[in-house]
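Trainee: FYI, full-length UniProt numbering numbers position 227 of the sequence shown as 227, with every residue one higher than the one before it.
The beta-carbon is built from N, C-alpha and C at its ideal position, and this holds for glycine as well.
Bear in mind that the values here come from a model prediction, so they are computed numbers and not experimental data.
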Amino acid sequence: MGTIYKTPDSRRQTLALYDRQLRSLGCRWRDRYVDTGFGRTHLVETGNFAGPAVLVFHGGNSTTAYNLLLCRFLLPHFHLYAVDIIGHPGKSDQRCLPPYGYAYGRWASQVIDALGFAHMRCFGGSFGGGVLAKLMCVAPEKVEKSVLVVPAGIGNALPVGAVKMLVPLLRYRHGGDERYLRQTALYMAMTEDVLDSDTIETLRNSFDHVKTKVGMPTNVGARRMRRCHAPTLVLAGERDCLFPARKVLRRAPKILPCCRTYQLTGRGHMHLLTEEEQSMIVSFLQGDPPPPPGR
């Protein structure tokens, strides 16, 4: 098995940041490990241990620890099982799965089995949303309810945005100037207010220490996805360069039998959710009536 890290010290640096960010959550958490046919998988179990269980998938080239900082609003309400996607930074095995096909879905299905659940509520963002979409195709009966935020796998755009990011990214890698790191991030974030210290530190670690994965989970097949009747909420960014709302929100209702959509108006791939939007997600996962179609 190859390494996903650039140097022998890169994994240590990544896990040190991972643990610092977990501690900064300021809540109780514990490590869980489960075995799958694809490799050993790590999860962070946290949140409200008396609440409904939710399986959480993080974004690509990132970590569960950083994702939990973004999902703090879920912590008071749900018993979170936040999984380190296999082959990505974190504490799961480093075996990389192909972005095409449905291997990620089979892996996620085995994680649910290993945790001892027949089905789970699920939350996935970006790359993790693509993993969740693959799970919904492979084992629709294991998804009780799902929220996909700026997800891969539904309406992927041509990788023009990724190409535009290459120039400042190469400049950053050549000289380490943080100005170019921020320029790279702004192609996804659109506005500076999204780029807080945790986000910048996570991006820096990813670019400095991780062999970046460019390939995102490919679009799922419509026939497979139509088998999933779980209530689903899909949120997409109007100005997302990777998975734009105009593509994601147009296709999602066509392939998901029980789908509600919501546009993150004016926002890119990296974004901030309003309190109203956070409450909408919590209510949806708790089982309240689904929201009206998004604006």
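(1) From which residue to which residue does the beta strand (DSSP E) around lysine 91 run?
(2) Starting from valine 44, trace the beta strand (DSSP E) in both directions and tell me its first and last residue.
(3) Report back the beta-carbon spacing between valine 54 and leucine 74 to the nearest angstrom; my notes put them in contact at under 8 angstroms.
(4) On the CB-based measure, 16 or more other CB atoms within 10 Å of its CB, does histidine 229 come out buried or exposed?
(5) Taking only the alpha-carbon atoms, compute the straight-line gap between isoleucine 112 and histidine 119 and give it to the nearest angstrom.
(6) Measure the CB-CB distance between glycine 90 and tyrosine 18 and report whether it falls below 8 angstroms.
(7) Cβ of leucine 68 within 8 angstroms of Cβ of isoleucine 86?
(8) So if DSSP puts cysteine 259 in a beta bridge, which residue, or which two residues, is it bridged to?
(9) Rounded to the nearest angstrom, what separates histidine 79 and valine 44 at their Cα positions?
(10) Assess contact between the segment 142-155 and the segment 238-248, defined as three or more Cβ pairs (one per stretch) separated by less than 8 angstroms. Is contact present?
(11) Pick from Lys164, Gln183 and Gly215: whose alpha carbon is nearest that of glycine 59?
(12) Given 8 angstroms as the limit, is there contact between the segment 263-271 and the segment 175-192, that is, 3 or more CB pairs closer than that?
(13) Here's a check: name, in chain order, each residue in its chain whose Cβ is nearer than 6 angstroms to the Cβ of arginine 227, leaving out the five neighbours to either side.
(14) Could you check whether arginine 20 and threonine 46 sit closer than 8 angstroms to each other, using their CB atoms as the reference points?
(15) From the DSSP output, in three-state form, read off threonine 36 for me.
(16) Beta carbon of phenylalanine 117: closer than 7 angstroms to some heavy atom of the ligand NAP?
(17) Find out if the Cβ-Cβ distance for the pair valine 83, threonine 64 is shorter than 8 angstroms.
Mentor: A quick look at the data gives this:
(1) Looking at the DSSP string, lysine 91 is not in any beta strand (DSSP E), and its letter there is neither H nor E.
(2) 39-47
(3) 7 angstroms
(4) exposed
(5) 7 angstroms
(6) yes
(7) no
(8) Thr232
(9) 10 angstroms
(10) yes
(11) Gly215
(12) yes
(13) Pro140
(14) no
(15) strand
(16) Inclusion of the ligand NAP in the displayed structure is not the case, the ligand content being empty and no account of it being possible.
(17) yes
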